[in-house]
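Asker: Just so you know, the sequence shown maps onto residues 73 to 227 in our numbering. Okay, here's the structure, questions in a sec.
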Amino acid sequence: MAVLRQEKPGHGHALFALVNPIHHARTPRQAARYRVEPYVVAADVYSVPPHEGRGGWTWYTGAAGWMHRAGVEGILGIRREGEVLILDPCIPAEWPGFEAQVVLGTARYAIQVESPGRRCTGISSAVLDGLALACDGGALRVPITPGEHRWVVTL
73 MAVLRQEKPG HGHALFALVN PIHHARTPRQ AARYRVEPYV VAADVYSVPP HEGRGGWTWY
133 TGAAGWMHRA GVEGILGIRR EGEVLILDPC IPAEWPGFEA QVVLGTARYA IQVESPGRRC
193 TGISSAVLDG LALACDGGAL RVPITPGEHR WVVTL
């Protein structure tokens, strides 16, 4: 998350992919080498023969929680602070954007982030429930209010 915030999105995305368990078990051969659940973050991935590439210590750490935060808060840039919803994406340049649904009590936000120029960061325009929001390229903050909301953002 820190690397993403240091405006090094490519490096941050590479680190996220490196520890993402699905990348260790994409093929039967990789899965046989990894030897742990492909949906669980391993605390260790061994680098010394004969166990090179094998995962270990799954289910024992808080790594899954940190992976979730890195993905949702760091890459998608969606986080809550008190009664405010914040959006500050830092997505891979290859992504055309993303969509997310956020439910906070009786508030529901349908978020659509578009990156037509394949920008990683920097919100250039935003519309919440049909009304344009002022953007300065940084994070957007909106009060959480009950009801259905649509938030469209362009990087």
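The beta-carbon is built from N, C-alpha and C at its ideal position, and this holds for glycine as well. Since the structure is predicted, the reported quantities are computational estimates derived from the model, not experimental observations.
Does the beta-carbon distance from V224 to Q184 come in below 8 Å?
Answerer: In the sequence shown, counting from the first residue as 1, residue 224 sits at position 152. In the sequence shown, counting from the first residue as 1, residue 184 sits at position 112. Yes; because the gap between Cβ atoms is below 8 Å, this pair is in contact.
Asker: Can you give the Cα-Cα distance for Y111 and A182, rounded to whole angstroms?
Answerer: Residue numbering aside, residue 111 sits at position 39 when the sequence shown is read from its first letter. Residue numbering aside, residue 182 sits at position 110 when the sequence shown is read from its first letter. Using only the alpha carbons, I get a separation of about 26 Å.
Asker: Looking at the unbroken alpha helix (DSSP H) that takes in Q78, where does it start and where does it end?
Answerer: In the sequence shown, the residue the question calls residue 78 occupies position 6. It is not in any alpha helix (DSSP H) - Q78 carries neither H nor E in the DSSP assignment.
Asker: If contacts are defined as beta-carbon pairs under 8 Å, then T193 and P81 qualify, I think. What distance do you get, rounded to the angstrom?
Answerer: Here residue 193 corresponds to residue number 121 of the sequence shown, with the count starting at 1. Here residue 81 corresponds to residue number 9 of the sequence shown, with the count starting at 1. That pair is a contact at about 6 Å.
Asker: So if DSSP puts A182 in a beta bridge, which residue, or which two residues, is it bridged to?
Answerer: Here residue 182 corresponds to residue number 110 of the sequence shown, with the count starting at 1. In DSSP, A182 forms a bridge with Q173 and R222.
Asker: Quick one: is Y132 buried, meaning 16 or more other Cβ sit within 10 Å of its Cβ, or exposed?
Answerer: As a working mapping, residue 132 is identified with position 60 in the sequence shown. Its Cβ having fewer than 16 others within 10 Å, Y132 is exposed.
Asker: Kindly give me the distance between the Cβ atoms of D116 and G128, rounded to whole angstroms, as I take these residues to be in contact under 8 Å.
Answerer: For the purposes of this step, residue 116 is taken as residue 44 along the sequence shown, with counting starting at 1. For the purposes of this step, residue 128 is taken as residue 56 along the sequence shown, with counting starting at 1. Contact flag correct, Cβ pair sits at about 4 Å.
Asker: Measure the CB-CB distance between L277 and L157 and report whether it falls below 8 Å.
Answerer: Absent from the model: residue 277. The displayed extent of the chain is 73 to 227, so no value can be given.
Asker: Residues bridged to R152 by DSSP?
Answerer: The residue labelled residue 152 in the question sits at position 80 within the sequence shown. Answer is L157.
Asker: Should H95 be labelled buried (16 or more other beta-carbon atoms within 10 Å of its own) or exposed?
Answerer: If you number the sequence shown from 1, residue 95 lands on position 23. Result: exposed.
Asker: Is the beta carbon of A114 closer than 8 Å to that of L148?
Answerer: Working through the sequence shown from its first residue, we reach residue 148 at position 76. Working through the sequence shown from its first residue, we reach residue 114 at position 42. The answer is no: Cβ separation not under 8 Å.
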